[in-house]
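Asker: So the sequence lines, in the order shown, correspond to chains P and R.
To convert, count from 1 in the first sequence and add 39; that's this note's numbering.
To convert, count from 1 in the second sequence and add 39; that's this note's numbering.
Think of the CB as a built atom: it goes at the ideal place given N, C-alpha and C, for glycine as much as any other residue.
Note that the structure is a prediction, hence the values are computed from the model and not measured.
So that we are looking at the same thing, I have put the structure below in structure tokens.
There are 2 protein chains.
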Amino acid sequence: MELQEKLHNKGLRLTQPRREVVAILNAAASPLTPQSIYQRSVERKSDIGLVSVYRTLELLSELNLVRRVHGRDGCHGYVLASPGHHHHLVCRKCGKAVEFSGSADLSEFITKIQKETGYKINEHILQLYGICPKCQEERQ
Amino acid sequence: MELQEKLHNKGLRLTQPRREVVAILNAAASPLTPQSIYQRSVERKSDIGLVSVYRTLELLSELNLVRRVHGRDGCHGYVLASPGHHHHLVCRKCGKAVEFSGSADLSEFITKIQKETGYKINEHILQLYGICPKCQEERQ
DNA sequence: TCCTTATTGAAAATGATTTTCAATAAGGAA
DNA sequence: TTCCTTATTGAAAATCATTTTCAATAAGGA
Ligand SMILES: [Mn+2]
Ligand SMILES: [Mn+2]
Ligand SMILES: [Zn+2]
Ligand SMILES: [Zn+2]
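Okay, here's the thing in structure tokens:
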């Protein structure tokens, strides 16, 4: 389902700031903080308010169009998320993030933990960190 | 390796605030924020400064005695971590967290992603969320 | 017990996020 | 197109979280 459509279903509007945030995230390829999204909007002379960036990210999160990326250091970057369940793999050097899906492979594992602990597991965060192909070359 | 020992190796001291933070986390069973650790220390009349809580958590993180827990909502809870690699499973109702280890089961999966993406993966975050046995009963 | 120095904590500084509220602009209706 | 309703914006202030500073303190080895 498209952003436009999702918004419409809820009586919400497709506004300039919302377009901008999506456009910036779309061009980014690595997780961005609210601050850095705002900065890019200034560079692009789109001049949207920082407050709107926060509000838009919250909205996009609810709509599952954006996902929060955690890190041991700087938490809370946001990346555009394609529909469906999946996770992110982030390069520690350049920040480049790629998506991967792997619920199937994990579900077996999760079932096992469920049995062992007695918990009923209904959600998880899985994030991988490493070095992307490009940065591996540069390392030589 | 014990806290006492780890500190000693680095020429650091086992102080009252450090004891307190560990004691509070030890009694907690669910991830605590710096603020809530501080509050408990006030309740316990141990009267350590909030600043020391932050500093102690940072130190304990470096020593791998404490782990940060992320959530989609309130990030940055801390739990005591037993030595070795493992993850946490958190109850969404009462917050109770349990540890589980599963590197073996995951490594296969990670190798696969590594091949698919070309990234060299060297770290990951895995956190599970669900309902603990106790809270499942109360649900009736 | 004494001395060195790692550590503490109050206060201030900084930074991130949220709230408020009057002005604006989406977008449906006419 | 024009008009109208109301969701949305953004500047500023308020709030909350985290870090820095620095003089006073207390670990803990000698
Ligand atoms: Mn986080
Ligand atoms: Mn693991
Ligand atoms: Zn890279
Ligand atoms: Zn529970």
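Judging by CA-CA distance, which residue of P/177, P/176, P/135 and P/152 is the nearest neighbour of residue 171 of chain R?
Answerer: Measuring from the Cα of residue 171 of chain R, the nearest candidate turns out to be P/152.
Asker: Quick one: does the C-beta of residue 133 of chain P sit closer than 8 Å to a heavy atom of ligand 1?
Answerer: Residue 133 of chain P Cβ: outside cutoff for every heavy atom of ligand 1.
Asker: Looking only at its chain, what residues have a beta carbon closer than 8 Å to the beta carbon of residue 25 of chain R, apart from the 5 residues adjacent to it on each side?
Answerer: The structure shown does not extend to residue 25 of chain R, since chain R spans only 40 to 179, so no value can be given for it.
Asker: Measuring CA to CA, which of P/163, P/81 and P/41 is closest to residue 99 of chain P?
Answerer: Nearest C-alpha to residue 99 of chain P: P/41.
Asker: Any Cβ of chain R within less than 9 Å of the Cβ of residue 93 of chain P?
Answerer: No - not a single Cβ of chain R is within 9 Å of the one on residue 93 of chain P.
Asker: Taking only three categories from DSSP, how would you classify residue 149 of chain R?
Answerer: If DSSP states are grouped into helix, strand and coil, residue 149 of chain R belongs with the helices.
Asker: Pairs of beta-carbons, one from the segment 117–137 of chain P and one from the segment 78–85 of chain P, closer than 8 Å: are there three or more?
Answerer: No: the two stretches stay apart, fewer than three of their Cβ pairs being nearer than 8 Å.
Asker: Return helix, strand or coil for residue 125 of chain R, following the three-state DSSP convention.
Answerer: Reduced to three states, the DSSP call for residue 125 of chain R is coil.
Asker: For ligand 1, list every residue whose C-beta falls under 7 Å from any of its heavy atoms, going in chain order.
Answerer: That gives P/109, P/114, P/115, R/109, R/114 and R/115.
Asker: Does any C-beta atom of chain R lie closer than 9 Å to the C-beta of residue 151 of chain P?
Answerer: Yes, its Cβ sits closer than 9 Å to a Cβ of chain R.
Asker: Let me see if you follow: with CB-CB separation under 9 Å, is residue 133 of chain P close to chain R or not?
Answerer: It does not; no Cβ of chain R falls within 9 Å.
Asker: At 7 Å on the CB atoms, spell out the chain P contacts of residue 47 of chain R, in chain order.
Answerer: Result: empty, since nearest Cβ-Cβ is about 25 Å, beyond 7 Å.
Asker: Taking just the CA atoms, how far does residue 49 of chain R sit from residue 62 of chain R?
Answerer: Cα to Cα, the separation comes out at about 21 Å.
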